[in-house]
Amino acid sequence: MINYLKDTLTLANRLIKHNLRSIDTIITVVAMPIAMLLMFIYILGGSMQLPGVSHREYVNYILPGILFMTLATGSAYTALRVFMDKSSGMFDRFKSMPIAKSAVLNGQVVSSVLFLMFSTIVVLLVSLLTGFRSNANLGQWLLTFVLLFGFAVMVTWLSMPLGLMAKSIDTASAFSYLLLLLLFVSSAFASVKGMPTAVRLFAEHQPMTTMITATRELLAGQEPSASFWQSLAWMIGISGLSFVWSKRIGRARQFILNESARLGVLPELLIFLCRLACLKRQDDGK
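Everything in the sequence shown is counted per the numbering used here, starting at 1302 for the first residue and increasing by one.
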């Protein structure tokens, strides 16, 4: 187990260094979400902000959508890094090295999630300068980060099989566009009530709306509602299916060697955080 963790962290450190040296990655994952936040507030805010809604209320409303946009755009680079390692023969080199083979994909996941959470925190700090204020207590902030962390794990594992199957750089990086489409057809930046009936029904029942609603409620100082637990269910379910999908593709195409399936550090941590949230809910009920 110690060697497995060491191998995972070593491979994750390699990818983090690549990300920090890539100006394109920094601009897309960190600078672009900040630019979108400033654009929605200072350029589009005047036309989108409803009469009677204060500047702070408007910023508080759109921030969850910007945070999820940050994570969604960053996931494209996870698929891109997987594709580059695959096409450059790096996975073939790993097969000949004395390392835990499951650490190859898990290292990709750890580096991606850490980088995504870093960029999310940067965007959150910038939002404080634009007027964002939260009524959440410490417990609600922790649950908010559980949701953001869970979403980062979900989109990272979901991008893994797409990077493994991609035949070009464009195909590998196209995954994030689907996430952004789901994000815009949700309650991220506007109420779903004003949408056409067919679009509204889709927006109300797709996972992005549930996750953004749960995050918005927690940042407003509200207790976890059904949206929070539904969001966790979506994240765990999609992460688990993507994990199995990634392992199958990796073995079928011999990117990783056959070995007993191991859930991985981040899915296990996500399940542990969910258990803590359930215990907190039970304590609150008492």
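Beta carbons: idealized from backbone N, C-alpha and C, even for Gly.
Since the structure is predicted, the reported quantities are computational estimates derived from the model, not experimental observations.
{"Check": "Selected residue, minimal CA-CA separation from S1492, among N1304, N1320, Y1362", "Outcome": "Y1362"}
{"Check": "C-beta atoms of S1532 and M1512 nearer than 8 Å", "Outcome": "yes"}
{"Check": "Buried or exposed (CB count within 10 angstroms, at least 16 for buried), W1442", "Outcome": "exposed"}
{"Check": "CB-CB length for F1476 against S1540, believed under 8 Å", "Outcome": "Contact flag wrong, Cβ pair sits at about 15 Å."}
{"Check": "R1552, DSSP secondary structure in three states", "Outcome": "helix"}
{"Check": "Span separating the alpha-carbon of T1371 from that of L1415", "Outcome": "13 Å"}
{"Check": "Of the residues L1481, W1530, A1453, the one placed nearest S1543, counting alpha carbons only", "Outcome": "A1453"}
{"Check": "Same chain, Cβ closer than 6 Å to T1510, neighbours up to 5 away in sequence not counted", "Outcome": "S1487, S1488, A1504"}
{"Check": "Whole-angstrom C-beta distance between L1459 and K1387, which should lie under 8 Å", "Outcome": "So it is not a contact: roughly 17 Å between Cβ atoms."}
{"Check": "V1424 (DSSP reduced to helix, strand or coil)", "Outcome": "helix"}
{"Check": "Nearest-angstrom Cβ-Cβ length linking T1379 and S1413, presumed shorter than 8 Å", "Outcome": "4 Å"}
{"Check": "With 16 other Cβ atoms within 10 Å as the buried cut-off, status of N1559", "Outcome": "Because N1559 sits at a pLDDT of 42, beneath the cut-off of 50, its placement in the model cannot be relied upon, and the point is left open."}
{"Check": "Alpha-carbon to alpha-carbon, I1400 and N1304", "Outcome": "8 Å"}
{"Check": "Buried or exposed (CB count within 10 angstroms, at least 16 for buried), R1382", "Outcome": "buried"}
{"Check": "Per-residue burial, P1462 [other beta carbons within 10 Å of its own, 16 or more giving buried]", "Outcome": "buried"}
{"Check": "Beta-carbon proximity list for H1356, same chain, < 6 Å, skipping 5 on both sides", "Outcome": "G1432"}
{"Check": "Distance, I1344 Cα to P1497 Cα", "Outcome": "26 Å"}
{"Check": "Alpha carbon of G1522 to alpha carbon of F1529, nearest angstrom", "Outcome": "13 Å"}
{"Check": "C-beta atoms of G1408 and L1312 nearer than 8 Å", "Outcome": "yes"}
{"Check": "C-beta contact flag for L1429 and A1515 at 8 Å", "Outcome": "no"}
{"Check": "Backbone secondary structure at M1370 - three-state DSSP", "Outcome": "helix"}
{"Check": "Sequence-distant residues of the same chain with beta carbon closer than 6 Å to M1398, five excluded per side", "Outcome": "none"}
{"Check": "Counted within 10 angstroms of its Cβ, other Cβ atoms place M1455 as buried (16 or more) or exposed", "Outcome": "buried"}
{"Check": "With 16 other Cβ atoms within 10 Å as the buried cut-off, status of K1494", "Outcome": "exposed"}
{"Check": "Option nearest R1552 by Cα separation, candidates L1480, M1418, D1393", "Outcome": "D1393"}
{"Check": "Span separating the alpha-carbon of S1474 from that of S1435", "Outcome": "34 Å"}
{"Check": "Alpha carbon of I1470 to alpha carbon of T1326, nearest angstrom", "Outcome": "14 Å"}
{"Check": "CA-to-CA distance, R1501 to S1420, given in whole angstroms", "Outcome": "31 Å"}
{"Check": "CA-to-CA distance, F1369 to M1418, given in whole angstroms", "Outcome": "11 Å"}
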